[in-house]
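Numbering follows numbering that gives the first Met the number 0, with no gaps: position 629 of the sequence shown is 628. Cβ atoms here follow ideal geometry from the backbone N, Cα and C, with glycine treated the same way. All remarks here apply to the structure that follows.
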Amino acid sequence: MAQNMFVVQVEEPKGAGGGRPSVGPVYRNVLAKDGFRPPAVGVESCWDMFRVSAEKYPDNKMLGQREIVKGEAGNYVWLTYKQVYNIVLQIGASIRVCGANQGARCGIFGPNCTKWVISMQACNAHGLYCVPLYDTLGSGAVEYIICHAEISIVFVEETKVSEVMRTFPSVSKHLKTLVSFGKITAEQKVMANSFGLAIYSWDEFLVLGIGNEFELPEKKKSDICTIMYTSGTTGDPKGVMITNESIICLISGVNHHLGSINAEFTERDVYLSYLPLAHIFDRVMEEQIISSGASIGFWQGNIKLLMNDVKALKPSIFCAVPRVLDKIYSGLVEKITSGGFIKKSLFNIAYSYKLQNMNKGYKHVEAAPIFDKIVFSKVKEGLGGNMRLILSGAAPLSTGVETFLRVVTCADVLQGYGLTETCGGSFVQQLHEVAMIGTVGPPLPSVDVCLESVPDMEYDALASIPRGEICIRGRTLFSGYYKRKDLTKEVMIDGWFHTGDIGEWQPDGSMKIIDRKKNIFKLSQGEYVSVENLENIYSLVSGIDAICIYGNSYESFLVAIANPNKESLELWARENGVAGDFKTICNNPQAIVYILGELTKIAKENKLKGFEIIKAVHLDPVPFDMERGLLTPTFKKKRAQFLKYYQNVIDDMYKGAK
Numbered sequence: 000m001a002q003n004m005f006v007v008q009v010e011e012p013k014g015a016g017g018g019r020p021s022v023g024p025v026y027r028n029v030l031a032k033d034g035f036r037p038p039a040v041g042v043e044s045c046w047d048m049f050r051v052s053a054e055k056y057p058d059n060k061m062l063g064q065r066e067i068v069k070g071e072a073g074n075y076v077w078l079t080y081k082q083v084y085n086i087v088l089q090i091g092a093s094i095r096v097c098g099a100n101q102g103a104r105c106g107i108f109g110p111n112c113t114k115w116v117i118s119m120q121a122c123n124a125h126g127l128y129c130v131p132l133y134d135t136l137g138s139g140a141v142e143y144i145i146c147h148a149e150i151s152i153v154f155v156e157e158t159k160v161s162e163v164m165r166t167f168p169s170v171s172k173h174l175k176t177l178v179s180f181g182k183i184t185a186e187q188k189v190m191a192n193s194f195g196l197a198i199y200s201w202d203e204f205l206v207l208g209i210g211n212e213f214e215l216p217e218k219k220k221s222d223i224c225t226i227m228y229t230s231g232t233t234g235d236p237k238g239v240m241i242t243n244e245s246i247i248c249l250i251s252g253v254n255h256h257l258g259s260i261n262a263e264f265t266e267r268d269v270y271l272s273y274l275p276l277a278h279i280f281d282r283v284m285e286e287q288i289i290s291s292g293a294s295i296g297f298w299q300g301n302i303k304l305l306m307n308d309v310k311a312l313k314p315s316i317f318c319a320v321p322r323v324l325d326k327i328y329s330g331l332v333e334k335i336t337s338g339g340f341i342k343k344s345l346f347n348i349a350y351s352y353k354l355q356n357m358n359k360g361y362k363h364v365e366a367a368p369i370f371d372k373i374v375f376s377k378v379k380e381g382l383g384g385n386m387r388l389i390l391s392g393a394a395p396l397s398t399g400v401e402t403f404l405r406v407v408t409c410a411d412v413l414q415g416y417g418l419t420e421t422c423g424g425s426f427v428q429q430l431h432e433v434a435m436i437g438t439v440g441p442p443l444p445s446v447d448v449c450l451e452s453v454p455d456m457e458y459d460a461l462a463s464i465p466r467g468e469i470c471i472r473g474r475t476l477f478s479g480y481y482k483r484k485d486l487t488k489e490v491m492i493d494g495w496f497h498t499g500d501i502g503e504w505q506p507d508g509s510m511k512i513i514d515r516k517k518n519i520f521k522l523s524q525g526e527y528v529s530v531e532n533l534e535n536i537y538s539l540v541s542g543i544d545a546i547c548i549y550g551n552s553y554e555s556f557l558v559a560i561a562n563p564n565k566e567s568l569e570l571w572a573r574e575n576g577v578a579g580d581f582k583t584i585c586n587n588p589q590a591i592v593y594i595l596g597e598l599t600k601i602a603k604e605n606k607l608k609g610f611e612i613i614k615a616v617h618l619d620p621v622p623f624d625m626e627r628g629l630l631t632p633t634f635k636k637k638r639a640q641f642l643k644y645y646q647n648v649i650d651d652m653y654k655g656a657k
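Structural data, given as structure tokens:
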């Protein structure tokens, strides 16, 4: 890839050697070609970022939630930076009274809300490791994380108090204090007392530290700020250790990038918080917003009411996973289709005209101002009227949806890419570069990137079109997996983090994600699925001999190809009046429904999560074999060949299951 206006080569490629695959050239964003600019002077920690904003913008709106009146959501009610700062100091003093000091682990469990961020900032203030608890990591994950991280204090949403209590007595060695965001019942107090657990309502805890003064400890960039547990492979969740420096450098890199195109965050921005704070994407976005002195408004917690929250808050910044943007796209298309011939024709003319001009290099605000006013303004108002930036991450956004939203929303729509281990963002698209649609853009100024060849998958980092595993280096990287040096060594090699994702450098310096190195699928809502683990579970169904599961990053659910057990299926057919030979029975809709039901039953028995449940299945009467290239001589599945062989079947299943 030749040097261009977006990336510059900083190291030569390395041929294969010492048992390692060949590595392509190292590239860096041209904004940082001579090195990454340092973060702001005097900012050593995430606490410093908030403290500086509280000093600079004391009366700015910081955190807002909708007032609930007679069961209906009303206007947003706000706390200023100064008010939040004072509450954080109160909560921090109470934490210290309970004996949790610098380096202790503090869990936070619940949906995004004002008290979540206040608890987080209290951790930042006193140097505690903030450890989000997230029950969708799987059955028993909350108990596992409390014990593995040795969490001594947990802040928890009122409705989830009982869920934490159920982890006793297993966690009693570690967990000593529980604080509800709301109230505590008399029964919960009695139960807590039996376990030796100190339990408080939010109001009780708020005053617990009054009269006690604690000096805020000195915090360094190298200090751990948060441990984020993440799934993605078989086995227990992994605790990703992230330092203050990682978050600060990520924010500095984003500011560097956006500042170069006059799109940086300002104190006038308003951000809608609904993606889980337990995930890195929203966590670093909120730190970014706070460092800018801007405002954060929280959703009601109901995805069906999300657009209602958007209209009420009128945000300028909106982060989303593709599944949410897909729903927005579908809703807009439905309205356009049902709008009548004249309105539909006008929309199509406006859309084609604006897209044509954007392809010529016009900024979206210059491409069709008249059509923006008479056609696309309704879409803009539906998004609150102030939207200027929509960021998509966690999984690929389809090119059709991305193109559509770039044209009709009157906002900049950008895809990005990153992992918890890279502190979120590592790549992001450039504004006004329509040619980058379908990619994740060039690397941010805070990282270096190279591709490593994957010979087994025939990806060559030194080919004319470089393809290989994406490897990332820089100060935004994590410090390792908590208590798992063995896993850390697997992915951190010579200072490079091996992402497991296969990328393809584009001629303009942007990156396109094209595959996954390991047998893990990432669905459109950002969830990872360990396919081998699931296949072991689904193989427990007595009516099937073999199964191959497939997941698509553009879809939110799984499909499967299965070899039914011949005797079992033929017996079922006789008992249910289904005629025909084995092949005919496999194609019978009733048989498909029956097998799908058996798969769903085994999934529920094993407490699989919703996105791990197979939604469609194809029954192949011919056993998976080596003759078709589906299996290796040792009978391992050749997944790339499976996808190639069954591509049409898979496409039909996704279409039919929607």
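* P563 in three-state terms, based on DSSP -> strand
* To do: Look at the alpha carbon of V299 and the alpha carbon of G392, and state the distance between them as a whole number of angstroms.
  => Note that residue 299 is Gln in the sequence shown here, rather than Val. Between Q299 and G392, the C-alpha separation is close to 22 Å.
* Between which two residues does the beta strand (DSSP E) harbouring K55 extend? -> That residue, K55, is in no beta strand (DSSP E); its alpha helix (DSSP H) goes C45 to K55.
* To do: With a threshold of 16 other CB atoms inside 10 Å of the CB of E365, please say whether the residue is buried or exposed.
  => exposed
* Does DSSP put S478 in a helix, in a strand, or in coil? -> coil
* Proximity below 8 Å, CB of N532 to CB of A545 -> no
* To do: Tell me, please, whether the segment 79–88 touches the segment 115–128 by the rule of three or more beta-carbon pairs shorter than 8 Å.
  => yes
* Asked: Nearest to T79 by alpha carbon, out of C97, S552, G106 and T113?
  -> Nearest option by C-alpha distance: T113.
* Residue interval of the alpha helix (DSSP H) (run including I612) -> Run containing I612: none; DSSP gives neither H nor E here.
* Asked: For L271, which beta-bridge partners are listed by DSSP?
  -> G296
* **Test item: CB-CB of E554 and I501 under 8 Å** => No, they are not a contact pair.
* What residue does the alpha helix (DSSP H) around S425 start on, and which one ends it? -> S425 -> not in any alpha helix (DSSP H); beta strand (DSSP E) instead, spanning G423 to V427.
* Beta bridge counterpart(s) of Q505 as assigned by DSSP -> None; Q505 has no bridge partner.
* To do: State the CB to CB distance for the pair F477 and M386, rounded to an integer number of angstroms; the pair is presumed to be in contact (CB under 8 Å).
  => Their Cβ separation, rounded to whole angstroms, is 32 Å, which puts F477 and M386 out of contact at 8 Å.
* Asked: Counting pairs of beta carbons, one from the segment 188–200 and one from the segment 125–132, are three or more of them closer than 8 Å?
  -> Too few Cβ pairs lie closer than 8 Å, so no.
* Asked: Taking the runs of the alpha helix (DSSP H) that are 4 residues or longer, which of them lie wholly in the segment 306–366?
  -> 321–336, 340–358 and 363–366
* **Reduced DSSP category for I250 - H, G, I as helix; E, B as strand; rest coil** => helix
* Residues that DSSP places opposite Y593 in a beta bridge -> For Y593, which the question treats as bridged, DSSP gives no partner whatsoever.
* To do: Indicate the three-state DSSP secondary structure (helix, strand or coil) for Y644 in the structure shown.
  => helix
* Asked: In this structure, what does DSSP give as the bridge partners for K637?
  -> Per DSSP, none; premise fails for K637.
* **Three-way DSSP call (helix, strand, coil) for I117 in this model** => helix
* Once you ignore the five residues that flank S221 on each side, which residues in its own chain have a CB closer than 7 Å to its CB? -> T242 and E244
* CB of K237 within 8 Å of CB of Y480, strictly -> yes
* To do: Might you give, ordered along the chain, the residues of its own chain that have their beta carbon closer than 7 Å to the beta carbon of G231, omitting 5 neighbours on each side?
  => With a pLDDT of 48 at G231, under the threshold of 50, the modelled position of that residue is not reliable, and the figure given next carries that caveat. If we look at G231 and ignore the five residues flanking it on each side, its Cβ neighbours are I519 and Y527.
* Asked: Is R515 helix, strand or coil when you go by DSSP?
  -> strand
* Starting from the Cα of D268, find the closest Cα among Q524, I295, D493 and H255 and give me that residue. => I295
* Please say whether N564 and G542 have beta carbons closer to each other than 8 Å? => yes
* To do: May I ask you to list the residues that DSSP assigns as paired with A545?
  => N562
* **When N551, P110, L331 and G70 are compared against N347, the one with the closest alpha-carbon** => L331
* To do: Could you tell me which residues DSSP puts in a beta bridge with R472?
  => D447
* **6 Å Cβ shell around G499 - same chain, five flanking residues per side excluded** => These residues qualify, in order along the chain: K516 and K517.
* **Whole-angstrom C-beta distance between A602 and I612, which should lie under 8 Å** => Contact between I612 and A602 holds, with the beta-carbon distance rounding to 5 Å and staying under 8 Å.
* Counting only the same chain and skipping the five closest in sequence on each side, list residues whose C-beta sits under 7 Å from that of T158. => Cβ within range, chain order: n/a, list empty.
* Might you give, ordered along the chain, the residues of its own chain that have their beta carbon closer than 7 Å to the beta carbon of M4, omitting 5 neighbours on each side? => V29
* Asked: Touch check for the segment 150–170 and the segment 96–110: three-plus C-beta pairs under 8 Å?
  -> yes
* Asked: Is the beta carbon of C248 sitting closer than 8 Å to the one on T176?
  -> no
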